[in-house]
Every structure is written in C-alpha cells, then in structure tokens.
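Numbering (this note's numbering), first residue to last: 41 to 206.
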C-alpha cells in the first residue's frame with residue numbers, strides 16, 4: 041500500500057510543524073526536521089496528517105511515498121513509530137545507510153490514535169536510530185531487486201531498548 045495516511049479536509053484544518061527524524065541522502069548523521077502537519081480543528085488530538093513530501097529530495101524522480109508502522113516493545117512499554125520512504129531504484133543512496141536509497145522520515149505515532157502522529161521528543165533520537173537499524177533489513181528488501189511488501193506493522197521486541205539503560 042502506497043499511503044496509509046488519512047487526509048484532513050482543507051477547510052477544517054490548520055497546519056503546525058511537528059518534529060520528525062530525517063535520515064537524509066545529503067547528511068551522514070540523522071537530524072531532527074520540522075514536518076508540516078495538517079491538524080483537524082474539531083479534533084486536534086487525533087486527526088493529524090503529516091505532509092512529509094516537503095522533506096524528501098528527488099521529488100521529480102518518484103512522487104510516491106510508502107509508509108509503515110514499527111511497534112517497539114521494550115520491557116512493559118510499547119512505542120510506535122511511522123517510517124516514510126520511497127521505493128525507486130534511481131534514487132540517490134542514503135548517506136546514513138548505504139543499503140537503502142532515498143530519504144527516510146520517521147515520526148512518532150499518537151498513543152490514542154494509530155493513524156495520527158505527534159511531536160517527537162528530543163530524547164527520541166536514540167530510540168529512532170535503534171528502530172531504524174532494526175528495520176533496515178526490511179526496508180532494504182522492500183527496495184531491492186526481488187522486492188517484498190512492507191508489513192502494515194513491524195514488531196520489534198526487546199527486553200530493554202538500550203543495553204546499559206536501567
């Protein structure tokens with residue numbers, strides 16, 4: 041499925057930038073990026089539509105953006121993140137992970153509504169990088185010669201998210 045995002049009607053929404061994690065084709069290290077998000081005025085807590093197209097390079101080469109949810113179960117906590125990426129073979133290689141092509145955007149999924157996104161915390165950088173490395177093999181197969189489908193939800197289980205954390 042190309043896009044799982046639920047659009048918001050333009051006359052009933054306002055736009056607000058939300059923090060996301062950007063794995064770019066230009067930078068060796070991932071960075072936080074500001075992603076414009078349409079928020080429904082009548083229900084601002086649950087109806088949010090991220091406009092991630094503005095963060096992707098190579099827009100003319102392939103306009104389609106794919107997304108999937110990664111559920112990280114660490115200890116008694118569950119964290120969901122949504123990964124946005126492209127599939128084209130002609131895309132520029134990712135500077136952070138050479139095995140995939142194009143930019144990758146990661147956003148935190150809302151706890152109340154799994155179709156909505158929320159602002160990433162500044163402390164989510166380690167968590168996002170861990171999830172990126174864990175999902176890297178699946179993303180590589182998705183873009184590869186023998187292409188596989190992306191799951192609706194990829195589940196990663198860990199006793200603790202980070203070794204050495206209490």
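Glycine included, C-beta positions come from ideal geometry on N, C-alpha and C.
{"Asked": "Alpha-carbon spacing of residue 112 relative to residue 175, whole angstroms", "Found": "11 Å"}
{"Asked": "Candidates 160, 89, 149, 172, of which the one nearest residue 118 by Cα", "Found": "149"}
{"Asked": "Beta-carbon gap between residue 224 and residue 145 smaller than 9 Å", "Found": "Here the chain covers residues 41 to 206 and nothing more, so residue 224 does not appear."}
{"Asked": "Backbone secondary structure at residue 174 - three-state DSSP", "Found": "helix"}
{"Asked": "Rounded separation between residue 157 and residue 186 - CA only", "Found": "31 Å"}
{"Asked": "Exposure label - residue 127; buried when at least 16 CB within 10 Å", "Found": "buried"}
{"Asked": "Presumed contact (8 Å Cβ cut-off) between residue 103 and residue 75, rounded CB distance", "Found": "Rounded, the Cβ-Cβ distance is 17 Å, inconsistent with contact."}
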